[in-house]
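**Student:**
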Amino acid sequence: MKRSGGLLAQIVHPDNLRLAFWKARKGKTHRAEVVQYRANLDENLAQLRAQLISGIPLVGDYSYFSVYEPKERQICAAPFSQRVLHHALMNVCHGSFEAFQIEHSYASRKGKGTYAAIAQAHQNQKHFRYFLKLDVRRYFDSIPHSELKHALQRRFKESKLLDIFDSIIDSYCVQRGHGVPIGNLTSQYFANHFLGLADHYLKETIRCRPYVRYMDDMVLWSNDANELKKWNALFSQFIEDLGLFLKPACMNSADKGLPFCGYRIFPHAIRLKQASKKRYSDKLKRYTFLLKKEMWSQSDFQRHVLPLLAFTRHADSAGFRQKLNCQLNLIG
């Protein structure tokens, strides 16, 4: 595949840098670092432009916090100026990354997402007898810097742009030479692109057609269990050649239900996993408490509850929602 070039001139264009600022500030307008950056916007964007042209942007100095849903993860928050940098890069490089993705890769892509992945997985569950679910062990933490850089070199040809990518990659590690920070926009693109190598191997070498990937959760289907076992051996070796390791594989018949993205998907039904039910229940109880204690307004409550409802409504969960709403004296 032809490597992308001529991108840095587009990245450093003042219009792109200004667009990057507006994207980075979305939902954060009143934060002190955003207000401060905007107060000297022209100067800050000119400084960023100079850094990009030199190929040596300021990176690192991250802050960290943990989230516990569905499992504990350490989130890495870059300073606001670096979030502007990330948007400036991906505004322009998005098309090059996107062109490498296969049709059935769903994470961090416009027009895709969790619910599209669930819908495709449900269709595959209807038409195939067996599934094989694979998951990379601690994916973001284990991505090898050297292999990631090599993958980017095969996609982009401008040395200064690659130097910028390298500096972002080198600004973080979990263990020496491994890991990209969860929470960075660039990390989403890097991680998705790196497993895109596995997608192409699966499609073009193994030639498995029914397949869905949501970041590092991958599912293959077949009507032949032995075929899936063969694919598992080949695919697992390729993943190890990338410097990654898979968790124990989950292979079963479709009618037993596929655990995927918080749901259990059967050929003729989609149900919430028990862990998803508990998270929904715990969050709704907490949000209801905040509303009834007048710590939240009705609009605050709705803003938090609507995404919860959207998640449950993609499953056969009306009875579960109604029972919980009755317990909490809610309507709907």
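According to the working numbering, the sequence shown is numbered sequentially starting from 96. Glycine included, C-beta positions come from ideal geometry on N, C-alpha and C. Source: prediction; values computed, not measured.
Would THR281 be called buried (16 or more neighbouring beta carbons within 10 Å of its own) or exposed?
**Tutor:** Buried.
**Student:** Evaluate contact between the segment 299 to 314 and the segment 167 to 178, counting only Cβ atoms and requiring at least three cross-stretch pairs below 8 Å.
**Tutor:** Too few Cβ pairs lie closer than 8 Å, so no.
**Student:** Leaving out the 5 sequence neighbours to the left and right, which residues in its chain are closer than 6 Å to LYS207 when beta-carbon positions are compared?
**Tutor:** Once the five neighbours on either side are set aside, the close Cβ partners of LYS207 are TYR201.
**Student:** Can you tell me the Cα-Cα spacing of GLY427 and LEU339, whole angstroms?
**Tutor:** Any reading at GLY427 is ruled out, since the residue's pLDDT is 46, under 50, leaving its predicted position unreliable.
**Student:** Using DSSP's beta-bridge definition, name the partner residues of TRP316.
**Tutor:** Paired residues: PHE226.
**Student:** Mark MET313 as exposed unless 16 or more other C-beta atoms lie within 10 angstroms of its C-beta, in which case mark it buried.
**Tutor:** Label assigned to MET313: buried.
**Student:** Just to confirm, is the Cβ distance from CYS303 to ALA212 under 9 Å?
**Tutor:** No, the pair does not count as a contact, with Cβ atoms beyond the cut-off.
**Student:** I'd like to know if the segment 246 to 257 and the segment 384 to 392 are in contact, where contact means that at least 3 CB-CB pairs between them fall below 8 Å.
**Tutor:** In short, these stretches do not touch, since the Cβ pair count stays below three.
**Student:** Measuring only the C-alpha atoms, how far is ASN277 from ILE170?
**Tutor:** According to the sequence displayed, residue 277 carries Ile and not Asn. Going by the C-alpha atoms only, they are around 5 Å apart.
**Student:** Can you name the start and end residues of the beta strand (DSSP E) that VAL179 belongs to?
**Tutor:** Careful: VAL179 lies outside any beta strand (DSSP E), inside the alpha helix (DSSP H) at 175 to 195.
**Student:** Let me know the secondary structure DSSP gives TRP391 once reduced to three states.
**Tutor:** DSSP places TRP391 in coil when its eight states are reduced to three.
**Student:** In its own chain, which residues sit with a C-beta less than 8 Å from the C-beta of ASP110, not counting the 5 before and 5 after it?
**Tutor:** Once the five neighbours on either side are set aside, ASP110 has no close Cβ partner at all.
**Student:** Just how far apart, CA to CA, sit GLN332 and VAL307?
**Tutor:** Their Cα atoms are separated by approximately 19 Å.
**Student:** What number of angstroms, rounded off, separates the C-alpha of HIS189 from the C-alpha of VAL400?
**Tutor:** So the alpha carbons of these two residues sit roughly 31 Å apart.
**Student:** Measure from the alpha carbon of VAL269 to the alpha carbon of each residue in MET310, LYS221, LYS387 and TYR159, then state which is nearest.
**Tutor:** Taking only the C-alpha atoms, the option nearest VAL269 is TYR159.
**Student:** Would you mind listing the beta strand (DSSP E) stretches within the segment 275 to 322 that are 3+ residues and don't spill past its ends, in chain order?
**Tutor:** With a minimum length of 3 residues, the continuous beta strand (DSSP E) runs that stay inside the segment 275 to 322 are 306 to 309 and 312 to 317.
**Student:** From PHE260, TYR225, LEU403 and HIS288, pick the residue whose C-alpha is nearest to that of LEU153; which is it?
**Tutor:** The shortest C-alpha separation from LEU153 is found at PHE260.
**Student:** Assign TYR234 to one of three DSSP states: helix, strand, or coil.
**Tutor:** Helix at TYR234.
**Student:** Compute the beta-carbon to beta-carbon distance between ARG366 and ARG359, rounded to the nearest angstrom, for a pair I have assumed lies under 8 Å.
**Tutor:** Yes, they are in contact, since the Cβ atoms of ARG366 and ARG359 sit about 5 Å apart, within 8 Å.
**Student:** Compare the beta carbon distance of ASN327 and TYR225 with 9 Å and say whether it is the shorter of the two.
**Tutor:** Against a cut-off of 9 Å, the Cβ pair of TYR225 and ASN327 comes out as no contact.
**Student:** Would you call the segment 140 to 150 in contact with the segment 106 to 124, where contact means no fewer than 3 C-beta pairs closer than 8 Å?
**Tutor:** In short, these stretches touch, since the Cβ pair count reaches three.
**Student:** Given a cut-off of 9 Å, decide if LEU103 and LYS255 are closer than it, judged by their beta-carbon atoms.
**Tutor:** The answer is yes: Cβ separation under 9 Å.
**Student:** Just checking my contact of HIS182 with LYS123 at CB under 8 Å: how many whole Å lie between their CB atoms?
**Tutor:** That belief does not hold up - the Cβ atoms of HIS182 and LYS123 are roughly 12 Å apart, past 8 Å.
**Student:** What are the complete alpha helix (DSSP H) segments, minimum 4 residues, inside the segment 108 to 152?
**Tutor:** Taking only runs of at least 4 residues, the alpha helix (DSSP H) segments lying wholly in the segment 108 to 152 are 109 to 119, 127 to 134 and 136 to 149.
**Student:** Helix, strand or coil for SER412 per DSSP?
**Tutor:** Three-state DSSP puts SER412 in coil, outside helix and strand.
**Student:** According to DSSP, is LEU337 helix, strand or coil?
**Tutor:** DSSP places LEU337 in coil when its eight states are reduced to three.
**Student:** In the DSSP assignment, find the unbroken beta strand (DSSP E) run with SER441 in it and report its ends.
**Tutor:** One cannot answer for residue 441 here, as it falls past the ends of the chain, which runs 96 to 427.
**Student:** Answer yes or no: do ILE151 and ASP258 have a C-beta to C-beta separation smaller than 9 Å?
**Tutor:** Yes.
**Student:** Quick one: using the 10 Å Cβ neighbour count with 16 as the cut-off for buried, is VAL187 buried or exposed?
**Tutor:** So VAL187 counts as buried.
**Student:** Kindly identify the DSSP beta-bridge partner or partners of GLN270.
**Tutor:** Answer by DSSP bridge pairing, in chain order: HIS273.
**Student:** Output needed for LEU292: all residues of its chain with C-beta closer than 7 Å, excluding positions within five of it in sequence on either side, in chain order.
**Tutor:** Hits under 7 Å: ALA246 and LEU337.
**Student:** Once you ignore the five residues that flank ASP236 on each side, which residues in its own chain have a CB closer than 6 Å to its CB?
**Tutor:** The residues are VAL269 and GLY274.
**Student:** Report all residues from its chain with a CB closer than 6 Å to the CB of GLN196; omit the five preceding and five following residues, and keep chain order.
**Tutor:** Excluding sequence neighbours, GLN196 sits near GLY291.
**Student:** Give the range of the beta strand (DSSP E) segment to which ALA104 is assigned.
**Tutor:** Counting along the chain, ALA104 falls outside any beta strand (DSSP E), though it belongs to the alpha helix (DSSP H) covering 103 to 106.
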